[in-house]
Amino acid sequence: MSREHPETMGQQFGRRSWAEPWKIKMVEPITTTDRQTRERALSEAGFNTFLLRSEDVYIDLLTDSGTNAMSDRQWSAMLLGDEAYAGSSSFYRFESAIRETYGYPRVVPTHQGRGAEHLLSQTVIKEGQIVPGNMYFTTTRLHQELAGGVFADVIIDEAHDPSSQHPFKGNIDLDKLEALIERHGAEGIAYVSLAGTVNMAGGQPYSVANAKALRELCDRHGIQIYLDATRLAENAYLIQEREPGYADKSVAEIVRELCSYTDGAWMSAKKDALVNIGGWIAVNDEDLFDSLRNLVVVYEGLHTYGGMAGRDMEAVAVGTREAVSDDHQHQRVMQVRYLGTLLQRWGVPIVEPIGGHAIFLDATRFYPHIPQDHFPAQTLAAELYAESGVRGMERGNVSAGRDPETGEHRYPALELTRLAIPRRVYTQAHMDVVAEAVKAVHDRRTATRGLRMVYEPHYLRFFQARFERREEA
Ligand code: P71
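The numbering of the sequence shown is this note's numbering, which starts it at 226 and goes up by one.
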């Protein structure tokens, strides 16, 4: 760029600039931190970014879950929250928003996504049944296993290759699924666990064509499909962008169509739905609904609040409708892509194509000299925090946990550090700061050593595990 003729960001990338479809009404001050403070905080946190205090973090990209900024419409709806124990009018507004947006008639509220996963798994899975899915998610698989199920990954092979440019890396490989059905019989399969987008693959979408073919295969065998709709609106936006025939359909229409190929869905409303807490499970079948609605009172709360306050349900109702706005999704996905494109241009290895909610740094290529049992992705998350106060999350060997049969690390094909972008929270200037911080860590990568795990909890170890720096490779 010439100094005499400054260019806008859009011009630098050879396109027209986009901007946020909102203006800012309230701000939350954040402060920068110094390296000495960060080094102390990091060692107190056992080199695990989950154990840092948020006041020690400058730009927080740990997760896009529950970290969204709510709109003035959502905040004002919260004041209308009906806090009745039973039959809250807020529940009925919540129920209508979900019915209209996703199309399932029967809705059970839960406090967040894993509450819904627990209910579905306990209700539908029989001991020893297989649960095929398009890649595992940590809490989803754990609840399936706790219910006696055995998760089987049936995502296409391209999803495990961070450089594959396949536009729908979230697709299910129907041959893999068919082979499982042949081996175990349809009665050996609990249901197909389908997610849009696929978090652990890098926020990758599945296509409408794949969903239709999956429906057809499952109908032939009488197998149900349940959808993790946590980031389905982002999946729909990526379909609008890339699937032939969908450019003129709205995100809202595509969401409805995707749901029409499934028997039910569950949701962590903390993502797409632009709130800080909430969830649900919604189904077509009346008997299944009765079972879920009965179980929810044991674990979450009455079937008209499911662990949420009335005001929380109001915020979900408004946020659910905002989430399927085309303008919102455009800004959302383009902001993520802006950060990723800067990193790509500087030669930082990331998962491609850039997905819907986060940039996933490929720690295997970032630190080729660090073996997987020295936790390269955990190391990268720790180094990035020490460098800059930017907090990301490990999504590799620590997250994958141990195989319940052998007790060994699972050594997943993808060893990633995720920088998840909260919705409507940070600006393009924040993305510039993050990109430069990653570049600085990348520039001194050869001098970095891995970590040793010194404390390992039994469940979902990544949340509370502790590490020490290794002095030598
Ligand atoms: C994310 C989270 C939150 C999280 C969960 C576990 C470890 C670290 C962070 C939560 C999801 C999700 C999908 C696809 C279900 C849940 C559980 N993601 N499905 O990405 O991404 O929902 O957190 O509301 O219980 O940071 P829940």
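The beta carbon of each residue, even a glycine, is placed where N, CA and C say it ideally should be.
Within 10 Å of its beta-carbon, does R241 have 16 or more other beta-carbons around it, so buried, or fewer, so exposed? exposed
Could you give the residue range of the beta strand (DSSP E) that holds L586? 583-587
According to the Cβ coordinates, are L609 and V658 closer than 8 angstroms? no
With respect to 7 angstroms, is the separation between the Cβ of F362 and the closest non-hydrogen atom of ligand 1 below this value? yes
List in chain order: all unbroken beta strand (DSSP E) runs of 3+ residues lying wholly within the stretch 483-569. 489-493, 504-508
With three or more C-beta pairs closer than 8 angstroms as the rule, is the stretch 288-304 touching the stretch 468-479? no
Beta bridge counterpart(s) of A284 as assigned by DSSP: The sequence shown places Ile at residue 284, not Ala. In the DSSP output, where bridge partners are listed per residue, I284 has V615.
Between E245 and A294, what straight-line distance do the alpha-carbon atoms span, to the nearest angstrom? 13 angstroms
Does the distance between the C-beta of D378 and the nearest non-hydrogen atom of ligand 1 fall short of 7 angstroms? no
Start-to-end residues for the alpha helix (DSSP H) that takes in I450: I450 -> not in any alpha helix (DSSP H); beta strand (DSSP E) instead, spanning 450-453.
With a cut-off of 8 angstroms on the beta carbons, I'd call G580 and Q429 a contact; round off their distance for me. 5 angstroms
Helix, strand or coil for R265, going by three-state DSSP, please let me know. helix
Range covered by the alpha helix (DSSP H) that runs through N475: In the sequence under discussion, the amino acid at residue 475 is Ser, which differs from the Asn named in the question. Note, S475: premise wrong, no alpha helix (DSSP H); not H, not E.
Using only the heavy atoms of ligand 1, determine whether one of them is closer than 7 angstroms to the beta carbon of S493. yes
Is any heavy atom in ligand 2 found nearer than 7 angstroms to the beta carbon of D453? With respect to small molecules bound, the structure shown includes ligand 1 and not ligand 2.
Is it true that the CB of T274 sits closer than 8 angstroms to the CB of G748? Look at the range of the chain in this structure, 226 to 698, and you will see that residue 748 is not part of it.
Going along the chain, which residues of its own chain have a beta-carbon closer than 7 angstroms to the beta-carbon of S314, five neighbours each way excluded? D307
CB of V290 to nearest heavy atom of ligand 1: below 7 angstroms? Note that residue 290 is Ser in the sequence shown here, rather than Val. Yes; taking the cut-off as 7 angstroms, the Cβ of S290 has a heavy atom of ligand 1 nearer than that.
Where V333 falls: helix, strand or coil (DSSP): strand
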